[in-house]
Amino acid sequence: MTAAPSLQLPSPYTLVELECVDSTNAEARRLAEQGATDCTVVWAKSQTAGRGRRGRAWVSAPGNLYFSILLRMPYPMDVMTQLGFVAANAVADAVQVAAPRGTFVNVKWPNDVLVEGKKIAGILMEGEPDPESGRFKWLVLGIGVNVASHPVVEDEAYPATSLAAQGVSGEGLALAPLLDTLAKRFLAGLATWRNLGFGPIRRHWLARAKGVGGPVTVRLPNETLQGVFGALDENGALVLHLDGQPNRVITAGDVFIPTGAQSN
Ligand code: BTN
């Protein structure tokens, strides 16, 4: 069901506003296949099959922000991961604006946003590769922000929070202004990325990053590694320093930062 639009996003965005959908990423994908234009934004009040990274589900009750941005950009696939950092910076900026004054907002590799060490937002990037050109036909950046609630997670390794849990109430929990701020910050970051490259995006991300330079555990599909988060490389990969072994360059995985480890 399509609701009356409650937000006017700036050009070049086209907003598709839905009450409920399986997944805004899935809907953006379907729209991409039907020819939807660059910067189409799909926003749903709830999702029945919200998905997270690495095949996990994303609990999607009403009250939180769920949206996806469709991008059609003729860039090589390896640089597209950089857009996850553009998005993470925009989410962190928007959460900072919405959170109580003085709240510490951090980013965690690859694209999580944390408040007080707990996850408040996540980003899922999905694309359709074109093997002939080595580029993506389109890319979908799906963003979920815990506003009114957060999932109760059993696994202590995945603590979560929401704006409400951080003391925000009333109009502070409105979704349209949050999406508006986030979409505008993302557009500004995209312009920076296009004009100046990944350097400034990387620096902005590193200024808020949790875990860089300290001990981390990296969970990969078939192994778990313990080392030091040595650096974020020029494409956004995590350079892991291992004791007595060559560095590993990690492009996908889950990172765990021991409690009490240095923030930056
Ligand atoms: C993560 O695991 O951290 C990524 C979570 C991404 C969730 C968002 S909610 C909007 C969009 N639609 C989805 O199905 N997933 C993303």
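Start counting at 1 in the sequence shown, then tack on 48, and there's your number in my numbering.
Backbone N, C-alpha and C define an ideal beta-carbon position, used for all residues, glycine too.
Express the C-alpha separation of residue j and residue i in angstroms, rounding to a whole number.
{"i": "S71", "j": "L290", "result": "38 angstroms"}
{"i": "E67", "j": "W157", "result": "31 angstroms"}
{"i": "W241", "j": "A105", "result": "30 angstroms"}
{"i": "M125", "j": "F277", "result": "24 angstroms"}
{"i": "V297", "j": "V287", "result": "5 angstroms"}
{"i": "V143", "j": "N137", "result": "10 angstroms"}
{"i": "A300", "j": "D141", "result": "24 angstroms"}
{"i": "T272", "j": "N295", "result": "15 angstroms"}
{"i": "T96", "j": "P269", "result": "26 angstroms"}
{"i": "A80", "j": "G245", "result": "26 angstroms"}
{"i": "M173", "j": "I305", "result": "23 angstroms"}
{"i": "R183", "j": "V127", "result": "10 angstroms"}
{"i": "T151", "j": "V145", "result": "10 angstroms"}
{"i": "L63", "j": "P53", "result": "8 angstroms"}
{"i": "V200", "j": "L226", "result": "23 angstroms"}
{"i": "E267", "j": "K93", "result": "A small fix is needed here, since residue 267 is Arg in this sequence, not Glu. Cα-Cα distance, rounded: 32 angstroms."}
{"i": "K167", "j": "Y123", "result": "30 angstroms"}
{"i": "A76", "j": "S181", "result": "22 angstroms"}
{"i": "L320", "j": "R99", "result": "Residue 320 is absent from the model: the chain starts at 49 and stops at 312."}
{"i": "Q310", "j": "R256", "result": "Unreliable placement is indicated for Q310, whose pLDDT of 48 sits below 50; the coordinate value is still reported in the next sentence. Rounded to the nearest angstrom, the two C-alpha atoms are 12 angstroms apart."}
{"i": "L221", "j": "N73", "result": "23 angstroms"}
{"i": "G218", "j": "P110", "result": "15 angstroms"}
Look up residue i in the DSSP assignment and give the residues it is bridged to.
{"i": "R296", "result": "L288"}
{"i": "Q95", "result": "V69"}
{"i": "T88", "result": "T62 and L118"}
{"i": "W157", "result": "DSSP output for W157 lists no bridge partner at all."}
{"i": "M173", "result": "L189"}
{"i": "P263", "result": "V276"}
{"i": "P124", "result": "R183"}
{"i": "K166", "result": "V163"}
{"i": "A105", "result": "R99"}
{"i": "A257", "result": "V155"}
Given 7 angstroms as the limit, tell me if residue i has its C-beta closer than that to any heavy atom belonging to the ligand ZN.
{"i": "Y114", "result": "With respect to the ligand ZN, the structure shown offers nothing to examine, as its ligands consist of the ligand BTN."}
Do residue i and residue j have their C-beta atoms closer together than 8 angstroms?
{"i": "V161", "j": "V195", "result": "no"}
{"i": "P148", "j": "V193", "result": "no"}
{"i": "G259", "j": "I249", "result": "no"}
{"i": "L223", "j": "S116", "result": "no"}
{"i": "D228", "j": "R102", "result": "no"}
Would you grab the beta carbon distance between residue i and residue j for me? Rounded to a whole angstrom, and I think it's under 8 angstroms.
{"i": "L187", "j": "L119", "result": "5 angstroms"}
{"i": "N159", "j": "I171", "result": "4 angstroms"}
{"i": "Q82", "j": "G284", "result": "With 8 angstroms as the limit, Q82 and G284 do not qualify as a contact, their Cβ atoms being about 30 angstroms apart."}
{"i": "A169", "j": "I191", "result": "7 angstroms"}
{"i": "E164", "j": "T209", "result": "7 angstroms"}
Does the pairing of the segment 87–102 with the segment 51–69 give three or more beta-carbon distances under 8 angstroms?
Enough Cβ pairs lie closer than 8 angstroms, so yes.
Tell me whether the segment 128–137 and the segment 199–206 touch, counting them as touching only if at least three CB pairs, one residue from each stretch, are closer than 8 angstroms.
Counting Cβ pairs under 8 angstroms, fewer than three are found: no touch.
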